[in-house]
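Visitor: Before I ask anything, here is the structure I am working with.
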Amino acid sequence: MDPDFDLYSLGEERDALRESIRALAEKEIAPYAFEVDQQARFPTEARTALTQAGFHAIHIPEQYGGEGADSIVACMVIEEVARVDASASLIPAVNKLGSMPIILSGSEELKQEVLPSIASGESMISYALSEREAGSDTVSMRTRAQQDGDDWVLNGTKAWITNGGISDWYTVMAKTDPDKGANGISAFVVHRDDPGFSVGPKEHKLGIKGSPTTEIYFENCRVPGRRMIGAPGTGLKTAFATLDHTRPTIGAQAVGIAQGALDAAVDDVRERRQFGKAVADFQGVQFMLADMAMNTEAARHLVYAAAARAERGVKNMGLIASASKCFASDTAMQVTTDAVQLFGGAGYTVDFPVERMMRDAKITQIYEGTNQIQRMVMARSLLKK
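Numbering (the UniProt record's numbering) for the sequence shown: 1 to 385.
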């Protein structure tokens, strides 16, 4: 992290990078988005294209084989991929979510063990905090880890694991001292080949169908002690620090979805005619488009501002990190709904991408903390002053 990092400055270099990402997304990812959604299959074409271009985990530091890109660039990648396929954008997004605890709090030995395989694209990593009965209320988790010699033995079930079964590595939160509440939770890195680890069936979902969501199971799962992240009892602290960095990435995903829907709507109303003129000529339609564009641009800048502050290592990121995720996801839901409305009956069919975008947008209001939780975080940040 760089304390002298500008709030954010896009500049020619980042503009050129955006053009490169967009060109790749439109050529290598967009053609498969419909099929990926309809078949609910993982977008292997996107993974290949992103990996070959170095966009699959662009945030990994250079010393571990990554590009060492800053937080704004990471958001730009996610945004531009989400513009054509939200499911595919979860490849770079979840690689960041799963690896940030290691980057922030892991030992050098652990970083060397895990991060190079993610940087190369050989492996992916997922994040395992939530459980069926412990989503927003993380302290009530039931997954346990007990020390056995130099190892830790995990038992329990984690739910809503994005890219579950695809990833090789999983960052897992478990209780190591149930009597200490929030201070009794520790973080571990589990490999899919660790004995006692297994993956459940894919959930059937409203959207992001190309990204498998599963449960993962730990039945006396033995994990080497070197794969604990940080000290015992610091897992929740690491989790919250991670979210300061990754909630803006969900905001970036939401901005990308909104931009994709806006672009599709603009193209449609320009071409389609009603009552002898282009639909775009109606003032009511123009007002809708203006609001869609205004809110999308506002969300984008809020996301970039939050990402820049995370890059600077600003403390107490809760308000702006939550605001970026909350505002952008609410914007995505509204913009995609309006895009379907502007398309009319056609927008309600799978023949056009806006209905998929509307379904995909909904999850951005839910994962990495519901928007109700985000508002609680923001309010607490304001009231504690």
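All C-beta atoms in this analysis are idealised placements derived from N, C-alpha and C, irrespective of residue type, glycine included.
None of these values were measured; they are calculated from a predicted model.
Can you tell me whether His245 is buried or exposed? The criterion is at least 16 other CB atoms within 10 Å of its CB, across all chains shown.
Guide: Stepping through the sequence shown from its first residue, residue 245 is reached at position 245. Counting Cβ neighbours within 10 Å, His245 comes out buried, since at least 16 surround it.
Visitor: What span of residues does the beta strand (DSSP E) with Gly156 cover, start to end?
Guide: For the purposes of this step, residue 156 is identified with residue 156 of the sequence shown, where counting begins at 1. Unbroken beta strand (DSSP E) run through Gly156: 151–162.
Visitor: Whole angstroms is fine: what's the gap from Asp15's alpha carbon to Val77's?
Guide: For this step, residue 15 is matched to residue 15 along the sequence shown. For this step, residue 77 is matched to residue 77 along the sequence shown. Cα-Cα distance, rounded: 12 Å.
Visitor: Heavy atom of the ligand ZN less than 7 Å from the Cβ of Ala134, yes or no?
Guide: With respect to small molecules bound, the structure shown includes none, and the ligand ZN cannot be examined in it.
Visitor: Only counting the same chain, and skipping five residues up and downstream in sequence, which positions put a Cβ closer than 6 Å to that of Ala25?
Guide: Taking the sequence shown and counting its residues from 1, the one referred to as residue 25 is at position 25. Only Glu80, Val81, Val84 meet the Cβ criterion.
Visitor: Drop a sphere of 10 angstroms on the beta-carbon of Met292, count the other beta-carbons inside from all chains shown, and report buried for 16 or more, exposed for fewer.
Guide: Your numbering for residue 292 matches position 292 in the sequence shown. Label assigned to Met292: buried.
Visitor: Going by alpha carbons, who is nearest to Ser89 out of Leu50, Phe327, Asp267, Asp351?
Guide: Position 89 of the sequence shown, counting from 1, holds the residue named residue 89. Nearest option by C-alpha distance: Leu50.
Visitor: Taking Gly235 and Ser167 to be in contact with their CB atoms under 8 Å, please state how far apart those CB atoms are, rounded to whole angstroms.
Guide: If you number the sequence shown from 1, residue 235 lands on position 235. If you number the sequence shown from 1, residue 167 lands on position 167. Actually they are not in contact, since the Cβ atoms of Gly235 and Ser167 sit about 19 Å apart, beyond 8 Å.
Visitor: Roughly how many angstroms separate the alpha carbons of His56 and Arg47, rounded to a whole number?
Guide: By one-based count along the sequence shown, residue 56 stands at place 56. By one-based count along the sequence shown, residue 47 stands at place 47. Looking at the two C-alpha atoms, the distance is approximately 7 Å.
Visitor: Reducing DSSP to helix, strand and coil, say where His56 ends up.
Guide: Reading the sequence shown from its first residue, position 56 is the one you call residue 56. Reduced to three states, the DSSP call for His56 is coil.
Visitor: By DSSP, does Ser211 sit in helix, in strand, or in coil?
Guide: Here residue 211 is taken as the residue at index 211 of the sequence shown, counted from 1. Three-state DSSP puts Ser211 in coil, outside helix and strand.
Visitor: If you check the beta carbons only, do Asp194 and Arg222 fall under 8 Å apart?
Guide: Mapped onto the sequence shown, residue 194 falls at position 194. Mapped onto the sequence shown, residue 222 falls at position 222. Yes.
Visitor: Have a look at the DSSP bridge pairing and note the partners of Val172.
Guide: Translated into the one-based positions of the sequence shown, residue 172 becomes position 172. DSSP lists Ala128, Phe188 as partners of Val172.
Visitor: Within the same chain, show all residues whose beta-carbon is closer than 7 Å to that of Pro178, passing over the 5 residues directly before and after it, in chain order.
Guide: Stepping through the sequence shown from its first residue, residue 178 is reached at position 178. Hits under 7 Å: Gly184.
Visitor: Which value, in whole angstroms, describes the spacing of the CA atoms of Ala306 and Leu97?
Guide: Locating residue 306 in the sequence shown gives position 306, counting from the first residue. Locating residue 97 in the sequence shown gives position 97, counting from the first residue. About 16 Å.
Visitor: Where in the segment 42–120 do unbroken runs of the alpha helix (DSSP H), each at least 4 residues long, occur, reported from the N-terminal end onward?
Guide: Entirely contained in the segment 42–120, the alpha helix (DSSP H) runs reaching 4 residues are, in chain order, 44–53, 71–82, 86–105, 108–120.
Visitor: Since Ala93 contacts Thr249 with CB under 8 Å, what's their CB separation in whole angstroms?
Guide: Position 93 of the sequence shown, counted from the first residue, corresponds to residue 93. Position 249 of the sequence shown, counted from the first residue, corresponds to residue 249. About 5 Å; that satisfies the 8 Å criterion.
Visitor: Look at the alpha carbon of Glu109 and the alpha carbon of Ile125, and state the distance between them as a whole number of angstroms.
Guide: Taking the sequence shown and counting its residues from 1, one reaches residue 109 at position 109. Taking the sequence shown and counting its residues from 1, one reaches residue 125 at position 125. One C-alpha to the other measures close to 17 Å.
Visitor: Assuming Val279 is part of the beta strand (DSSP E), what are its boundary residues?
Guide: Taking the sequence shown and counting its residues from 1, the one referred to as residue 279 is at position 279. Note, Val279: premise wrong, no beta strand (DSSP E); not H, not E.
Visitor: Quick one: give me the first and last residue of the beta strand (DSSP E) that Val199 is part of.
Guide: To locate residue 199, count along the sequence shown from 1; it is residue 199. Element bounds for Val199: 197–199.
Visitor: Could you give the residue range of the beta strand (DSSP E) that holds Gln146?
Guide: Walking along the sequence shown from the start, residue 146 turns up at place 146. Here the beta strand (DSSP E) through Gln146 covers 144–148.
Visitor: Is the Cβ-Cβ distance between Ala323 and Met378 less than 8 Å?
Guide: Counting from one through the sequence shown, the residue named residue 323 turns up at place 323. Counting from one through the sequence shown, the residue named residue 378 turns up at place 378. It is a contact, given that the beta carbons lie within the stated cut-off.
Visitor: Within this structure, are the beta carbons of Thr214 and Gly233 separated by less than 8 Å?
Guide: Counted from its first residue, the sequence shown places residue 214 at position 214. Counted from its first residue, the sequence shown places residue 233 at position 233. No, the pair does not count as a contact, with Cβ atoms beyond the cut-off.
Visitor: Please state whether DSSP places Ile366 in a helix, a strand or coil.
Guide: Taking the first residue of the sequence shown as 1, we reach residue 366 at position 366. The answer is coil: DSSP assigns Ile366 none of H, G, I, E or B.
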